[in-house]
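> In the numbering used here, the protein residues as written are 26 to 360.
All C-beta atoms, glycine included, are put in the ideal place defined by N, C-alpha and C.
Have a look at the structure that comes next, please.
Structure representation (structure tokens):
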């Protein structure tokens, strides 16, 4: 082979190598959005540009990993509602539980928390797998931005409405009902029961009733018995609690509170749950709504709701299960 032939062969090899590189670039950019996205994510890129399938790259930015924050922001923008629920399953379970509390326990969910993507945007991902959603102010029944947080089990227990604090008269240290119950080998319910029966902190810490009060020897001291606490029945407590929840919702949202109807549920969540679309699902849910959910809700909250202020479709639902409500309204208008 002559020098000329060798030069021509080298030139052809270089041309073929360049052509292979360009073909690789073309394939990586034209292989489809799904393949490009998969390759980019697998490479840990912070951008969505396609990368040529070659053994080495001189582009340093392509080898940088996304930070957790960048990845989370990317997920919010790029993933569908179903993909978000699949990737953030723990957060999705907390979102479903929050929505169920609105129907079962009378909680209130802010509009910006209805869709899972908006909810996730406001609260962010869980800091740990064991973290759960917690209302910062346990007396406020609304789930809304700025009113909730991710908290561990210990924090949630301290934040419960039935958590009582007991102060030791000798050491001055404070204990919750659960902590004190553990020290005394009893249940937290037993500790709370002692408080409800009028035991003092000293008696609760001593574990016995009837501790004598020191008497002065110089002058007789008259001990005024404590005023008898009027105990409320469970029914009365629940009645007042439900009234407070309805009044709070009325002030916060400016409309008369009412449970979400099947049609509203379908409109709000059909994008996240495709299986709830269609008339068949709606018909099944309306039957269950009329037989179980609405009667229970109206029994608990109906006495506090202004029937005349409800929407026509909500009034129609109530009249299905409580026809006498229409007669009550007519009588009130007549008077």
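1) Starting from residue 300, trace the beta strand (DSSP E) both ways and give me its first and last residue.
2) Touching or not, the stretch 135-153 and the stretch 103-121, by the rule of three or more beta carbon pairs under 8 Å?
3) Looking at the unbroken alpha helix (DSSP H) that takes in residue 343, where does it start and where does it end?
4) Just to confirm my understanding: we take residue 144, look at its own chain, exclude 5 residues before and 5 after, and list those with CB closer than 7 Å. What are they?
5) Do you know offhand how far residue 267's Cα is from residue 228's?
6) Measuring only the C-alpha atoms, how far is residue 9 from residue 325?
7) Thinking C-beta only, is residue 109 closer than 9 Å to residue 100?
8) Taking the alpha helix (DSSP H) that residue 13 falls in, what are its first and last residues?
9) Across the stretch 202-211 and the stretch 167-180, are there enough close Cβ pairs to call them in contact, namely three or more that are closer than 8 Å?
10) Among the residues of its own chain, which have a CB less than 7 Å from the CB of residue 141, if the five just before and after it don't count?
11) Excluding five sequence neighbours on each side, which residues of the same chain lie with their C-beta closer than 7 Å to the C-beta of residue 165?
12) With a CB to CB cut of under 8 Å and the five nearest residues on each side skipped, what residues in its chain are close to residue 291?
13) Rounded to the nearest angstrom, what separates residue 338 and residue 167 at their Cα positions?
14) Let's test the definition: count the other Cβ atoms within 10 Å of the Cβ of residue 286 and tell me whether it reaches 16, buried, or not, exposed.
In short, the structure shows the following:
1) Translated into the one-based positions of the chain shown, residue 300 becomes position 275. Segment: none, residue 300 is in no beta strand (DSSP E) and carries neither H nor E.
2) yes
3) On the chain shown, position 318 is the one that residue 343 refers to. Start and end: 337-346.
4) To locate residue 144, count along the chain shown from 1; it is residue 119. Contacts found: 120, 138.
5) Within the chain shown, numbered from 1, the residue matching residue 267 stands at position 242. Within the chain shown, numbered from 1, the residue matching residue 228 stands at position 203. If you take the alpha carbons of residue 267 and residue 228, they lie about 34 Å apart.
6) As shown, the chain starts at 26 and ends at 360. That puts residue 9 outside it, with no answer to give.
7) Within the chain shown, residue 100 is the residue found at index 75, counting from 1. Within the chain shown, residue 109 is the residue found at index 84, counting from 1. A contact, by the Cβ cut-off of 9 Å.
8) There is no way to answer for residue 13, as the model of the chain reaches only from 26 to 360.
9) Three or more Cβ pairs closer than 8 Å define a contact, and the stretch 202-211 falls short of that threshold against the stretch 167-180.
10) Mapped onto the chain shown, residue 141 falls at position 116. So the qualifying residues of the chain are 106, 109, 110, 117, 120, 297.
11) Along the chain shown, one-based indexing puts residue 165 at 140. Same-chain partners within the cutoff: 172.
12) Taking the first residue of the chain shown as position 1, residue 291 is located at position 266. The answer, listed in chain order, is 301, 302, 306, 307, 310.
13) Reading the chain shown from its first residue, position 313 is the one you call residue 338. Reading the chain shown from its first residue, position 142 is the one you call residue 167. Answer to the nearest angstrom: the Cα atoms are 25 Å apart.
14) Numbered from 1 along the chain shown, position 261 holds the residue referred to as residue 286. With 16 or more Cβ atoms within 10 Å of its Cβ, residue 286 is classed as buried.
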